[in-house]
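Counting from 1, position 55 in the sequence shown corresponds to residue 55 in full-length UniProt numbering; the numbering is continuous, with no gaps. No residue lacks a Cβ here, since even glycine has one placed at the ideal position from N, Cα and C. No experiment lies behind these values; they were computed from the predicted model shown. Notes to accompany the following structure.
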Amino acid sequence: MLVAPSALPVGVPSASAVDCPDVEVIFARGTSEKPGVGRVGQALVDSLRQQTGLNIDAYGVNYPAGKLQLGGGDGANDTIKRVKDVVQACPNTKIVLGGYSQGASVMDIVAGVPVGGVTFGSPLPAEYADNITALATFGNIADRSGSPISAQSALLGSKAIDLCNPGDPICHAGPGNEWSDHTDGYVPTYTTQAATFIAAKLLAAQTQAPPQPDVHIN
């Protein structure tokens, strides 16, 4: 677990005294879910722990997941800050990104492919792309227009899996959709599928040296 001393803001790991996990999952919850990783995020983390046996920490992206859906930029900025903090304190820790529903839109911004040309929030700086092992989204509205991260993002597309329940009206354009397929349709089938994808990425990354971004501290 990344531990923050009292002298630092909560959530910022210290490079001098830290117990680094094998993996950190940075996950953005869905609309109106309580702060944390949310139901889908927790199911993903639980499945990933079960499949890999690794020491895995979870970080819930800090953003207002309100019904007006105006917090995506804040979520992207918090995600990027967390990535930088983990890289600085725990360079050997593998980082996995994820998001559900509105949280998936947060990851669209991080991956540099915001839905509808959204201009608030910033993409992940390119020098940190190699620090991301995998990315998973669930119920991503970008799928409605055929623009998932896996197909559109030059930054993270090759590491991404975008999962849409065929009956989910948020990500699936067509008849026969049910709102329950969005709210209840991802656990456990799709979270298990995503965990299997991520586990394979983690296995492939085990033999690679951790990247060291060129970070300048003034």
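Enclosing beta strand (DSSP E) for residue i [first to last residue]
| i | result |
| --- | --- |
| Leu70 | Run containing Leu70: none; DSSP gives neither H nor E here. |
| Val40 | That residue, Val40, is in no beta strand (DSSP E); its alpha helix (DSSP H) goes Gly38 to Thr52. |
| Ile198 | Ile198 -> not in any beta strand (DSSP E); alpha helix (DSSP H) instead, spanning Thr189 to Ala205. |
| Val96 | Lys94 to Tyr100 |
| Ile56 | Ile56 to Gly60 |
Contact with chain B by residue i, beta-carbon distance below 7 angstroms
| i | result |
| --- | --- |
| Ile170 | Among the protein chains of the structure shown there is no chain B, as only one such chain exists. |
Cβ-Cβ separation, residue j to residue i (assumed contact under 8 angstroms), whole Å
| i | j | result |
| --- | --- | --- |
| Ser122 | Asn92 | Not quite, the Cβ-Cβ distance comes to about 26 angstroms (not below 8 angstroms), so this is no contact. |
| Asn140 | Ile95 | Rounded, the Cβ-Cβ distance is 19 angstroms, inconsistent with contact. |
| Leu135 | Ala111 | 7 angstroms |
| Gly73 | Ile26 | The pair is not a contact, with the Cβ atoms about 16 angstroms apart (cut-off 8 angstroms). |
| Ala195 | Gln42 | That pair is no contact at about 12 angstroms. |
Status (buried if at least 16 other CB within 10 Å, exposed otherwise) for residue i
| i | result |
| --- | --- |
| Lys34 | exposed |
| Gly176 | exposed |
| Glu24 | buried |
| Ser101 | buried |
| Gln206 | exposed |
| Phe138 | buried |
| Ala204 | exposed |
| Gln156 | Note on residue identity: the sequence assigns Leu, not Gln, to residue 156. So Leu156 ends up on the buried side. |
| Gly30 | buried |
Alpha-carbon to alpha-carbon, residue j and residue i
| i | j | result |
| --- | --- | --- |
| Asn62 | Leu44 | 18 angstroms |
| Ala173 | Ala151 | 18 angstroms |
| Ala154 | Ser32 | 31 angstroms |
| Thr189 | Ala142 | 21 angstroms |
| Gly71 | Glu127 | 25 angstroms |
| Gly98 | Val40 | 10 angstroms |
| Asp57 | Ala89 | 14 angstroms |
| Pro114 | Gly53 | 34 angstroms |
| Ile80 | Pro64 | 16 angstroms |
| Lys159 | Lys201 | 8 angstroms |
| Cys164 | Gly116 | 19 angstroms |
Closest by C-alpha distance to residue i, when choosing among the options
| i | options | result |
| --- | --- | --- |
| Ala28 | Ala89, Val106 and Gln69 | Val106 |
| Ser47 | Thr183, Asp184 and Phe197 | Phe197 |
Unbroken alpha helix (DSSP H) run spanning residue i, endpoints
| i | result |
| --- | --- |
| Thr31 | Run containing Thr31: none; DSSP gives neither H nor E here. |
| Asp162 | Asp162 -> not in any alpha helix (DSSP H); beta strand (DSSP E) instead, spanning Ala160 to Leu163. |
| residue 253 | With the chain covering only 1 through 218, there is no way to say anything about residue 253. |
| Ala151 | Ile149 to Gln152 |
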